Amino acid sequence: MRPGIPQMSVLLLLLWSLVLVASARLPAVPTVSKALNSLQSRDVSDAYDNAYILAKGPWACDAAKWWMIDDAIKEAQEFTDKAIAALRVKGAETSIAFRTWFGESNATPQMVNTIINQHYQTAFSHLPHPHLKTTLGYRGGLKFIEAHGDPMPTGNSLAYTCPPAVGKHASICASDTVAAHQRLSSINSAGDTVPGTTFLILCPRFFESRKTNAQTVEMYKEDFGTRGDVSKGYILLHELQHMEKATSPNPPADDLDDPLSYLHGGGPCYTASCCARLSDFEKIQNAENFALFALDVSAFPRAGEPADSHEEQ
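Going left to right, the sequence shown walks through residues -24 to -1, 1 to 289 as mature numbering (1 follows the signal peptide of the UniProt record, and there is no 0) numbers them.
Now the structure itself:
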């Protein structure tokens, strides 16, 4: 879940700027890693069977929002392309960006491959454009009651939803929430929990006038900030990390608490300064770190280059 994001401290910005300036030497020509190509690719047989949009009901998305969702998916894939391109270069795990957002102890070709397959490539396989309509009812609990002539959603389906800003059905979007992820479940006759349809919940703030990817990159270049007004694509890339089918077989990423919450008043780790100070173990479990890596290499391609590419020739 991603709410609006406060600005980071000036001190952290200056320190991070010094790191980038220190690395700004003429790079060697990067090469695609043969080792990565030899590693096993992600099995996407568990991709969603269909992608729906709620056409009726309290969480329905109108035509204008449907168009914005399509554009947001494209934006998420644009950021993902940048991340994958950086990670597919031989020695990507030695880059400043990799070690900052994923941790030095995770800097192995195997971890690079895992991150590509389970956190970025899935923007193309597990963030599909909605092409079917359905209706969600609330009688006796949440359930789909109409498919508009299309097949009914299953436990392997994805549904894009747009809750209102106010009213009894707006609670999911309280506390300045921009987007969230939820999966329905039910209990069968044997008493077992059966996973249901995955909901990608897009709150009213998601559809407000937002920066484009290019504007988000420029904002980050100015002060290394990811304030609340980031692009819709950046937000979707963050939410993708929470989707268990996307990160499978590993568990989905979480929104970890700020390790310095006693100084900053608590709350999840969303700012760049917070994400950079997480432990290496935590960095690969925090959803925002994956979005930040993609933004970082989009804004500063040199930060995503292998360490040896910055050595003087």
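Every residue gets a Cβ at the ideal spot worked out from N, C-alpha and C, and that includes glycine. Keep in mind that this is a model prediction, so the values were computed, not measured.
Query	Result
Could you work out which residue in T223, S207, I92 is closest to V65 when comparing CA atoms only?	I92
Could you tell me how far apart the beta carbons of I177 and I148 are, in whole angstroms, since I believe they sit closer than 8 Å?	6 Å
Please go through the same chain and pick out, in chain order, the residues whose beta-carbon is closer than 7 Å to the beta-carbon of L103, but skip the five residues on each side of it.	I49, A52, L212, L216
Just checking my contact of P106 with A27 at CB under 8 Å: how many whole Å lie between their CB atoms?	5 Å
Pick from C179, V142, R278: whose alpha carbon is nearest that of K197?	R278
Which word fits A248, buried or exposed, when buried means at least 16 other C-beta atoms lie within 10 angstroms of its C-beta?	buried
Please go through the same chain and pick out, in chain order, the residues whose beta-carbon is closer than 6 Å to the beta-carbon of A222, but skip the five residues on each side of it.	T98, H102, L216
Take T137 as the anchor and find which of S162, T173, D152, D168 has the nearest alpha-carbon.	T173
In three-state DSSP terms, what is Q94?	helix
On the three-state DSSP scale, how would you describe F182?	helix
Just checking: is the beta-carbon of A252 within a distance shorter than 8 Å of some beta-carbon in chain C?	In summary, chain C is missing from the structure at hand, where a single protein chain is found.
Can you give me the Cβ contacts of N226 inside the same chain, cut-off strictly under 8 Å, excluding the 5 residues immediately before and after it?	T90, Q94
Output the boundary residues of the beta strand (DSSP E) element that contains H157.	153 to 163
Using the C-alpha atoms, what's the distance from D46 back to F74?	29 Å
Is the closest heavy atom of the ligand COA to the C-beta of D46 under 7 Å?	Inclusion of the ligand COA in the displayed structure is not the case, the ligand content being empty and no account of it being possible.
For L268, which residues from the same chain have a beta carbon less than 8 Å from its beta carbon, with the 5 sequence-adjacent residues on both sides left out?	W77, T202, A248, C251
Can you list the alpha helix (DSSP H) stretches of 4 or more residues lying completely in the stretch 193 to 274, in chain order?	208 to 216, 220 to 223, 237 to 240, 248 to 253, 256 to 259
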